[in-house]
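Notes to accompany the following structure.
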Amino acid sequence: MTDTIGRAPSEDAWEAFLKALFSPLPGLREMAILELPTWLAHGRDITPLLEMSVRDPEPMVCRAAAIVAGRLRIATPTLLEDLEKKLTSGDDLLKRTIVTTFSRLGITGLPRMIRLLADRDPFIRRFLALTLEDLGEAAIEPLIAALSQEPLRRAAAEVLIRIGQPAVSQVMKLLDQPDRDLQYTAMDILEGIGPHVLPTLIAEIKRGHPRPEEGGEAVTRFGPDAIPELMKALRSSDAGHQCWAAATLVKIGAPAVPALSAALCTESPSVCWLAAKALAQIGPAAVPNLVTILTNPNATVRWVAADILAQIGGEALTSLERLIQEGEAPAREAAIHALGLMGETASSSLPTLTAALQRETDPTLRQALQNTIAKLAAYQ
-6 MTDTIGRAPS EDAWEAFLKA LFSPLPGLRE MAILELPTWL AHGRDITPLL
44 EMSVRDPEPM VCRAAAIVAG RLRIATPTLL EDLEKKLTSG DDLLKRTIVT
94 TFSRLGITGL PRMIRLLADR DPFIRRFLAL TLEDLGEAAI EPLIAALSQE
144 PLRRAAAEVL IRIGQPAVSQ VMKLLDQPDR DLQYTAMDIL EGIGPHVLPT
194 LIAEIKRGHP RPEEGGEAVT RFGPDAIPEL MKALRSSDAG HQCWAAATLV
244 KIGAPAVPAL SAALCTESPS VCWLAAKALA QIGPAAVPNL VTILTNPNAT
294 VRWVAADILA QIGGEALTSL ERLIQEGEAP AREAAIHALG LMGETASSSL
344 PTLTAALQRE TDPTLRQALQ NTIAKLAAYQ
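Under this note's numbering, the residue at position 94 of the sequence shown is numbered 87, and the numbers go up by one with no gaps.
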């Protein structure tokens, strides 16, 4: 290629190179294309030759041109358009080479890489997913846009999950979209990224975007992992945030019962009231914890738990009857109170209450039993 070490190739060498590049022999054209980087280093404008070679009908020649374009990071609109057209050639090796070129071009090749996430070739899909993941933040906006296209949605979502935390703020914006499929996809992505997104997600919900309803639905996807952050929100000084947190804990259900039960015993009156309301809405799953709270030394706490059990109703009867038969005096009194509040639902407990009255010696408890029996007898 060079006449002597350090000397630029002669014009004769250039003419010989061009002759090879335009040869009728595909192998010779391929070899010539692979020399293009050397000619670029010596100041020759190789872009038109590279664009021409990309359009070559022989796959081996086009592959060589794609390789050189990727190595040299040459990405003219014409070259990119022609490379994309070659993707339909049916030659898998050529296709994979072009995809590799797009990956080498980085941000410039982004739109085309994203369109190929739905390709039938699993190698191409995996390769591009890794490439887009490596691009990180630069790939987020185009990937978010791709979520609107059903054929690309799943693949784009998987890449966003792998990108992780940097994608969270953009993904959260989708929760405000009117398209429910897009909302669910955003929830899937946030869940896939992991529970560490919860502080950011809940902070944004407090600011109003995403909306509380859709935001709460996203938070519940994390199940028990969301409870610590929701309990922090329940202790907020903002009543709206407190109510939202309580409603979201209800949606999580049984796993939230221990934390809500603890709040019932230890928190401020407003938090205690919200926790009580949430436990009543959770229902039967809360009964064992609430029955345990009936043994709490604080009478107010016992009475709150009794009120909740009364709201839960029939599912609490067996546990309350057992406590009346076996519990300590303060717990028995609270259980009797709960049955009295239930009304007709607790009328089946009259035999238990009557038997307890026959053996009870404590005047306060006897009076409580008599009052409850009188209430329930009215439903017989």
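For each residue, glycine too, the CB sits at the ideal point set by N, CA and C.
Whole-angstrom Cβ separation of residue i and residue j, contact assumed at under 8 Å?
i: M224; j: A256; result: 7 Å
i: S46; j: A34; result: That belief does not hold up - the Cβ atoms of S46 and A34 are roughly 18 Å apart, past 8 Å.
i: T94; j: L76; result: 7 Å
i: L110; j: L98; result: Wrong, their Cβ atoms sit about 16 Å apart, outside the cutoff.
i: L313; j: I301; result: The pair is not a contact, with the Cβ atoms about 12 Å apart (cut-off 8 Å).
i: A349; j: Q318; result: 7 Å
i: A150; j: I107; result: Actually they are not in contact, since the Cβ atoms of A150 and I107 sit about 12 Å apart, beyond 8 Å.
i: P19; j: M53; result: 6 Å
i: Q176; j: E206; result: With a Cβ gap of about 10 Å, Q176 and E206 do not count as contacting.
i: L72; j: E51; result: In fact, because the Cβ distance is near 17 Å, the residues do not count as touching under 8 Å.
i: T40; j: I67; result: 6 Å
Closest to residue i by CA distance: which of the options is it?
i: I100; options: T124, A309, A6; result: T124
i: P159; options: L136, S312, H202, P144; result: L136
i: E197; options: V212, G187, P251; result: V212
i: I410; options: L168, K166, L153, D174; result: Nothing can be reported for residue 410: it is not among the residues displayed for the chain, which extend from -6 to 373.
i: S162; options: L194, I156, V92; result: L194
i: I133; options: Y177, D172, I182, P171; result: I182
i: I329; options: I366, H202, Q176; result: I366
i: I220; options: I286, G201, R200, P251; result: P251
i: L167; options: R155, K368, L140; result: L140
i: I305; options: D5, Q363, A331, V61; result: A331
i: D231; options: E28, R200, D114, E207; result: R200
i: D174; options: G157, Q142, R155; result: Q142
i: P262; options: V297, T357, I156, R155; result: V297
i: L361; options: T40, S82, L334; result: Contrary to the premise, residue 361 reads as Ala rather than Leu in this sequence. Of the listed residues, the one whose Cα sits closest to A361 is L334.
i: T347; options: D49, V61, A327, L369; result: L369
i: G307; options: Q363, G336, A327; result: G336
i: G83; options: R113, I67, R147; result: R113
i: K79; options: D49, P70, W7, V61; result: D49
i: Q170; options: R155, A138, R147; result: A138
Using a Cβ-Cβ cutoff of less than 7 Å, which residues in the same chain neighbour residue i once the five nearest sequence positions on both sides are dropped?
i: E184; result: R214, F215
i: L253; result: L242, A268, A271, L272
i: P17; result: none
i: G36; result: none
i: I(-2); result: Note on I(-2): pLDDT 49, under 50, position unreliable in the model; no value is reported.
i: V294; result: L257, C258, I286
i: L65; result: P30, L33
i: Q375; result: Examination of residue 375 is not possible in this model, given that the chain is present from -6 through 373 alone.
i: L63; result: Reading off the sequence, residue 63 comes out as Gly, not Leu. Contacts found: T93, T94, R97, L98.
i: R118; result: L110, D112, A148
Quick one: residues in its chain with C-beta nearer than 8 Å to the C-beta of residue i, no 5 flanking neighbours on either side, listed in chain order?
i: Q373; result: S340, L343
i: D38; result: none
i: D218; result: P188, L191
i: L14; result: R22, A25, I26, L42, S46
i: V264; result: L227, R228, Q235, A256
i: G209; result: I198, W237, A240, T241, K244
i: P144; result: A111
i: F116; result: R89
i: T345; result: E314, I317, Q318
i: A131; result: G99, I100, L103
i: G129; result: I156, P159
Which same chain residues end up closer than 6 Å to residue i when comparing Cβ atoms and leaving out the 5 residues on each side of it in sequence?
i: A238; result: L223, A226, L227
i: D(-4); result: For D(-4), the pLDDT reaches just 48, beneath the cut-off of 50, and the residue's location in the model is therefore unreliable, leaving the point undetermined.
i: M180; result: A211, R214
i: G102; result: F95
i: R56; result: L87, T90
i: M165; result: E197, P203
i: A399; result: Only positions -6 to 373 of the chain appear in this structure, which leaves residue 399 out of reach.
i: G157; result: I186
i: D127; result: none
i: T288; result: A324
i: N291; result: none
Please find out if some non-hydrogen atom of the ligand ADP comes closer than 7 Å to the beta-carbon of residue i.
i: Y372; result: Here there are no bound small molecules, and the ligand ADP is not part of this structure.
Validate contact between the stretch 272 to 280 and the stretch 322 to 336 using beta carbons, cut 8 Å, 3 pairs
no
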